[in-house]
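Chemist: For what it's worth, the working numbering labels the leading residue of the sequence shown as 338, then goes sequentially. Each residue gets a CB set at the ideal place from its N, CA and C atoms; glycine is no exception.
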Amino acid sequence: MLYRHGSPEGGTGTIDEQTGPPESTTALLRAVLALAADLDPTSLLERFVQAATELTGARYGAINILDEYGASTTFVQSGMPDAVVAALAHPPHAVGVLGQIPAFGVLRLTDLRQHPAFRGLPAGHPPMGSFLGTAVRVRREVFGYLYLSEKDGGFVDVDESLVTALAAAAAVAIQNAELYTAARHRENWLRAGQRITTMLLEGVEEEEVLLQIAASAREIARADTAALVLPGVGGELVMEIVDGHREDKLLGLTMDRDGRSWEAFLRGAGTLVASLSTADTPQLEPLSRFGPALYTPLRAGEQSVGVLVLLRRAGSPPFAPSDLTMAQSFAAQAALALILAQARHTQDVGALLDERERIARDLHDLAIQQLFATGMQLETARGQVALGDASTAIGAILEEALAGLESSVRQIRVIVRTLHDQGRPSTLVERLHREITLARPGLGFAALLRIEVDGRAVSAADGDLAGRIDDVVGPDRAEDIIAVVREGLANAARHARSTAVTVRVTLTGSGPNGAVLIEVEDNGAGLDLTRDRHSGTKNLADRAQRERGTFTLGPVPSGPGTLLSWQAPLG
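(1) If you draw a straight line from the C-alpha of Gly572 to the C-alpha of Gly589, how long is it?
(2) So, is Arg649 buried or exposed, given that buried needs 16 or more other C-beta atoms within 10 angstroms?
(3) Under the rule that 16 or more other beta-carbon atoms within 10 Å means buried, what is Asn860, buried or exposed?
(4) What does the alpha-carbon distance come out to for the pair Phe468 and Ser625?
(5) Check Arg649 in the structure and name its three-state DSSP category.
(6) Are Gly607 and Gln670 touching if we call contact CB-CB under 8 Å?
(7) Whole angstroms are fine: how far does the CA of Thr836 sit from the CA of Arg693?
(8) Grouping DSSP H, G and I as helix and E and B as strand, with all else coil, what is Pro619?
(9) Could you tell me the boundaries of the beta strand (DSSP E) in which Glu856 lies?
(10) Out of Thr899, Asp593, His522, Leu403, which one is the CA nearest neighbour of Phe480?
(11) On the three-state DSSP scale, how would you describe Leu458?
(12) Please tell me whether Leu565 and Glu577 are closer than 8 Å, where the distance is taken between their beta carbons.
(13) Taking C-beta to C-beta, are Gly898 and Glu858 nearer than 8 Å?
(14) Just the C-alpha distance for Leu485 and Val500, rounded to the nearest angstrom, thanks.
(15) For Pro634, which of helix, strand or coil comes out of DSSP?
(16) Taking just the CA atoms, how far does Phe656 sit from Ala668?
(17) Is it the case that the region 451-464 contacts the region 421-441, given that we only count it when at least three CB pairs across the two stretches are under 8 Å?
(18) In the DSSP output, what is Val473 paired with across the bridge?
(19) Count the CB pairs spanning the region 407-423 and the region 527-543 that are closer than 8 Å, and state whether there are at least three.
(20) Identify, in the order they occur along the chain, each residue of the same chain with its Cβ nearer than 6 Å to the Cβ of Ala454, setting aside the five sequence neighbours on each side.
(21) If we count the other Cβ atoms within 10 Å of its Cβ and call it buried at 16 or more, is Asp580 buried or exposed?
(22) Mapping the DSSP letters down to three states, classify Ser498 as helix, strand or coil.
(23) With DSSP as the reference, identify every bridge partner of Thr518, one or two as the case may be.
(24) Measure the Cβ-Cβ separation of Pro439 and Ala399 and say whether it is below 8 Å.
(25) Taking C-beta to C-beta, are Ser614 and Gly628 nearer than 8 Å?
(26) For Leu653, which option in Ser641, Leu631, Arg594, Glu543 has the closest C-alpha, if you only look at C-alpha atoms?
(27) Under the rule that 16 or more other beta-carbon atoms within 10 Å means buried, what is Tyr517, buried or exposed?
(28) Is the Cβ-Cβ distance between Val475 and Gln451 less than 8 Å?
(29) As a quick exercise: from Gly491, Arg528, Glu556, Gln640, pick the residue whose alpha carbon is nearest that of Leu673.
(30) Roughly how many whole angstroms lie between the Cα atoms of Val810 and Leu690?
(31) Whose C-alpha, out of Pro892, Pro906, Leu907, is nearest the C-alpha of Leu900?
(32) Is any heavy atom in the ligand FMN found nearer than 7 Å to the beta carbon of Phe602?
(33) Compute the Euclidean distance between the alpha carbons of Asn401 and Pro378, then round it to the nearest angstrom.
(34) DSSP beta-bridge partners for Thr411?
(35) Go through its chain and collect everything with a Cβ distance to Ala601's Cβ below 7 Å, but skip five positions before and after it.
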């Protein structure tokens, strides 16, 4: 095999059958092979810049990837000390001499300072004279620009050839790395979606699943913050789940009706924003601190259950269209899983109601009928006694009646034990939160629960205090509280046509001197005076009377809607 050496000035050189290819060609082949073997984008760019400086003998080298406006999004350099890089305000943009690099070919300068487009170097930037720049093209589009500078004696023709060949090889390697990265990215999204589905099928609490959706999306999309915007009180869209940077500022934020969250929720289409901090449309103040943003609906079919929002800090690289495509697929899968889980939850609630209906039938068909028969027997015995009949038949009747009473008591105990053992949460606070969750499908939104003990607000996270509440309330009054809240929520779901419901449970004092006040307030249509069925509210009134308490159902004093109020002593 014959090889031709390149002369120092880029000439044809001479043929040498003994020594093989020139050193520069061998180095180029090694660099090309190293690039082809690297599938990590960051490492690949570092290899490319390092190979370019070594092949040409340049002191400084860099590849600069620009956005559509010519601003640098990724800058990888070699040769410049880290302290100098840190002192510079930002990577160079495509302006001045750098903006003169052609899309095809190279720009070679003996001294870039003599070029008409030269605008000077930033303060602290090392001096540079000789310069060689070329575009790196991937899929016929400019991917970035390679900059080389400060070669002793200046750059020559062979440097241009080496850089052009290396850039072509780098383009293929970059394309392969992008395909590999996209495949792994897609696999990560699919795996995250499968995990969400598995969690829901295993019966994990919905809030924990929502937190996992946000955390997974933030990690996979390399976002700084992920938020789930969900329908809230009053029909608003609220950031109910936030994971990442500035979550304390975003949590609970109500979305603007004209904003992108509502657009994604209603239209069912996602969108990309280059930067919220510089967007033309006004932003909510906490959101205006962020840069690139991605909005995609949590939507299955024609039903939207929320919006997934991904945010990056100002100055970060924008989200790519492929990010939106994969995020939309993930969000659709998560939404479908949530909808199916809610349907299954509704089915479970229906099964629970069916079970209660069965228990009610058992009470009627077994215990109550038995008690009725026993009562008839006792009535017969009383009539015989009134007639002066003291025969042994009365004793037999009484014995049979007592046996019937014992049988009824046993049946009632079995039925009550069945009711108490149906997966009841351990504390009253947890049971109240569960009632709120159970009511969500019927209401179409989440009701607001407020629990207060002697002026102190209580949440499900207050484990010790929640346990002490059970000691103060006692099991019987706890059953009353759950029954009242359940009936109040069911009443609002059936008749109120509301968009917001608030449940307030207020405990004061303890024992006979203590009291519990339960209020269920909605903003719906108010009381229907023509409705002739009031079985549920009658039960609440009877329960209040039995417990020496009070029950009222009337309009909300401060506005539209209905206020259910039930009060009873604790002891």
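Modeler: The relevant details are as follows:
(1) 14 Å
(2) buried
(3) buried
(4) 40 Å
(5) Looking at Arg649 - three-state DSSP - the assignment turns out to be strand.
(6) no
(7) 28 Å
(8) Note: Pro619 maps to coil in three-state DSSP.
(9) Counting along the chain, the unbroken beta strand (DSSP E) around Glu856 starts and ends at 852-859.
(10) Leu403
(11) DSSP places Leu458 in coil when its eight states are reduced to three.
(12) Yes; because the gap between Cβ atoms is below 8 Å, this pair is in contact.
(13) yes
(14) Answer to the nearest angstrom: the Cα atoms are 10 Å apart.
(15) strand
(16) 16 Å
(17) yes
(18) In the DSSP assignment, Val473 is bridged to Gly481.
(19) no
(20) Correct list, in chain order: Gly433, Val434, Gln437.
(21) buried
(22) helix
(23) Beta bridge pairing from DSSP links Thr518 with no other residue.
(24) no
(25) yes
(26) Note that residue 653 corresponds to Ser in the displayed sequence, not to Leu. It is Leu631 whose Cα lies nearest to the Cα of Ser653.
(27) exposed
(28) no
(29) Gln640
(30) 26 Å
(31) Pro892
(32) Looking for the ligand FMN in the displayed structure turns up nothing, as the structure carries no ligands at all.
(33) 13 Å
(34) Ile402
(35) Gly607, Thr608, Tyr632, Thr633, Pro634, Val644
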